[in-house]
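Undergrad:
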Amino acid sequence: MARKKKNSPLEDVMDLVALLPWWAGVAIAVIGYLVLHRMAVPVKVGAVQPGQVSQLVTSSIITALASIGQYLVPLAALVGAAMSFFRRKQRENLITDVAQSKSANALDGMSWREFEMLVGEAYALQGYRVTETGGGGADGGIDLVLTKGGEKFFVQCKQWKAYKVGVDVVRELYGVMAAKGATGGFVVTSGRFTDDAKEFADGRNVHLVDGTKLFAMIKQVKQSQATKQTGNAAQPVQAKVLEAAEPTCPQCGSSMVKRTARKGGNAGGEFWGCPKYPTCRGVRPIG
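According to our numbering, the residues represented by the sequence shown are 1 to 287, in order.
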């Protein structure tokens with residue numbers, strides 16, 4: 001098996017900066033230049049004592065490295081910032097193209113990397129802070145970390161068009177959630193899940209999002225985004241009713257319906273429930 005080529009330190013800088021907002025990369029480039037430029041200025045010394053030779057050598061090495069790094073490190077940061085900017089545009093284009101498609105088949109032609117970017121953007125539009133792990137490879141490990149309201153969620157993406165995602169994948173995610181203290185997790189696929197996977201996820205706060213649910217979720221969040229951006233000036237009352245009366249299911253993206261609790265301490269109280277219950281058990285409080 002061929003070994004994975006090890007990145008150089010500058011490539012690592014570019015990759016790390018590319019995970020940040022583009023403006024953060026520009027800031028790192030500026031700060032990096034100022035710090036290294038200051039370190040690159042040679043220190044004037046007088047007569048060197050015998051015990052100061054090693055200190056002088058170390059200082060000379062640092063100065064030499066800083067004189068080179070003051071240009072290379074900011075350049076690497078700027079390249080990373082450019083990568084971040086273009087990835088941002090690519091995410092926007094991906095989710096717009098899918099939202100404008102007529103069926104979930106639009107997901108089938110994507111690479112695993114494009115699929116992960118699409119999923120991340122879909123959750124970002126729902127108010128999550130999305131962090132790309134950047135090290136999963138094709139379907140390896142946790143691909144995205146979502147944070148919202150102090151809670152952390154793990155996302156594993158599976159761009160499998162011809163196969164069903166089995167219980168082993170769901171069990172693996174659940175194990176990582178338990179080990180790292182995540183509130184919940186999502187397994188998102190362009191295909192479908194086996195019955196065993198669905199049974200294992202039930203009641204464990206692991207949400208399974210297949211291609212159909214993902215497509216519906218993207219349609220919903222893009223519609224909500226368009227409504228917020230335009231303000232729906234022509235129909236402000238209707239927009240308010242849609243937003244207040246039909247919130248989106250946090251698990252599958254469907255428009256929710258009012259239900260009345262029959263058991264427990266909240267018996268008789270109303271809440272928002274998913275219309276696909278019991279297949280989907282998403283709920284939201286009213287008010």
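Even glycine gets a Cβ: it sits at the ideal position worked out from N, Cα and C.
#1: Suppose you measure from the CA of C280 to the CA of Q220; what does that come to, to the nearest Å?
#2: Would you kindly check if the distance between the Cβ of Y174 and the Cβ of R129 is under 8 Å?
#3: Using the DSSP secondary-structure output, state which residues sit across from H207 in a beta bridge.
#4: Is it buried or exposed for K240, if we count other Cβ within 10 angstroms and need 16 for buried?
#5: Enumerate in chain order the residues of its own chain whose CB-to-CB distance from L78 is below 8 Å, with the five nearest sequence positions on each side excluded.
#6: If contacts are defined as beta-carbon pairs under 8 Å, then G69 and L36 qualify, I think. What distance do you get, rounded to the angstrom?
#7: What are the residues that DSSP puts in a beta bridge with W112?
#8: Would you mind working out which of V170, R88, E92, D210 sits nearest Q225, comparing C-alpha positions?
#9: For Q126, which residues from the same chain have a beta carbon less than 7 Å from its beta carbon, with the 5 sequence-adjacent residues on both sides left out?
#10: Which whole runs of the alpha helix (DSSP H) in the segment 83-129 are 4 residues long or more, in chain order?
#11: V221: beta carbon under 7 Å from a heavy atom of the ligand NAD?
#12: Would you tell me roughly how many angstroms separate the C-alpha atoms of Q251 and R113, rounded to the nearest one?
#13: Give the straight-line distance between the Cα atoms of M83 and T131, rounded to the nearest whole angstrom.
#14: How should E151 be labelled, buried or exposed, when 16 other C-beta atoms within 10 angstroms of its C-beta is the threshold for buried?
#15: On the DSSP letters alone, give me the boundaries of the beta strand (DSSP E) that P285 sits inside.
#16: Considering only DSSP beta bridges, list what F153 is partnered with.
#17: Considering only the beta carbon of each residue, do S254 and A216 sit closer than 8 Å?
#18: Does Q235 pass the burial test, meaning 16 or more other C-beta atoms within 10 Å, or should it be called exposed?
#19: If contact is defined by three or more beta carbon pairs under 8 Å, each pair taking one atom from either stretch, is the segment 193-208 in contact with the segment 92-103?
#20: Please report how far the alpha carbon of T58 lies from the alpha carbon of L16, in whole angstroms.
#21: Just mark E270 as buried or exposed, buried being the case when its beta carbon has 16 or more other beta carbons within 10 Å.
#22: Could you give the C-beta distance for A122 and I218, rounded to a whole number, given that I count them as a contact under 8 Å?
#23: Taking R262 as part of the alpha helix (DSSP H), name the residues at either end of that continuous run.
TA: Reading from the atomic positions:
#1: Using only the alpha carbons, I get a separation of about 17 Å.
#2: Inclusion of R129 and Y174 in the CB contact set at 8 Å is not warranted, their separation being larger than that value.
#3: Answer is F186, bridged to H207.
#4: Residue placement at K240 cannot be trusted, given a pLDDT of 40 that sits under 50; what the coordinates show is reported in the next sentence. Around the C-beta of K240, fewer than 16 other C-beta atoms lie within 10 Å, and the residue is accordingly described as exposed.
#5: Same-chain partners within the cutoff: G25, V26, A29.
#6: Yes, they are in contact, since the Cβ atoms of G69 and L36 sit about 5 Å apart, within 8 Å.
#7: For W112, which the question treats as bridged, DSSP gives no partner whatsoever.
#8: Nearest to Q225 by C-alpha distance, out of V170, R88, E92, D210, is E92.
#9: Counting only residues of its own chain and dropping the five nearest sequence neighbours on each side, Q126 has a CB closer than 7 Å to the CB of V221.
#10: Taken in chain order, the complete alpha helix (DSSP H) segments of 4 residues or longer contained in the segment 83-129 are 112-124.
#11: You won't find the ligand NAD in this model; it holds no ligand whatsoever.
#12: So the alpha carbons of these two residues sit roughly 22 Å apart.
#13: So the alpha carbons of these two residues sit roughly 15 Å apart.
#14: With fewer than 16 other Cβ atoms within 10 Å, it is exposed.
#15: Here the beta strand (DSSP E) through P285 covers 283-285.
#16: Paired residue(s): L146, G184.
#17: Contact: yes.
#18: Note that Q235 scores a pLDDT of 47, beneath 50, so its modelled location is shaky and nothing firm can be said.
#19: With a cut-off of 8 Å, the segment 193-208 and the segment 92-103 do not count as touching, because too few Cβ pairs lie within range.
#20: In this structure, the CA atom of T58 is about 28 Å from the CA atom of L16.
#21: With a 10 Å radius around the Cβ and a threshold of 16 neighbouring Cβ atoms, E270 comes out exposed.
#22: Sure, about 5 Å apart at Cβ, within 8 Å.
#23: Note, R262: premise wrong, no alpha helix (DSSP H); not H, not E.
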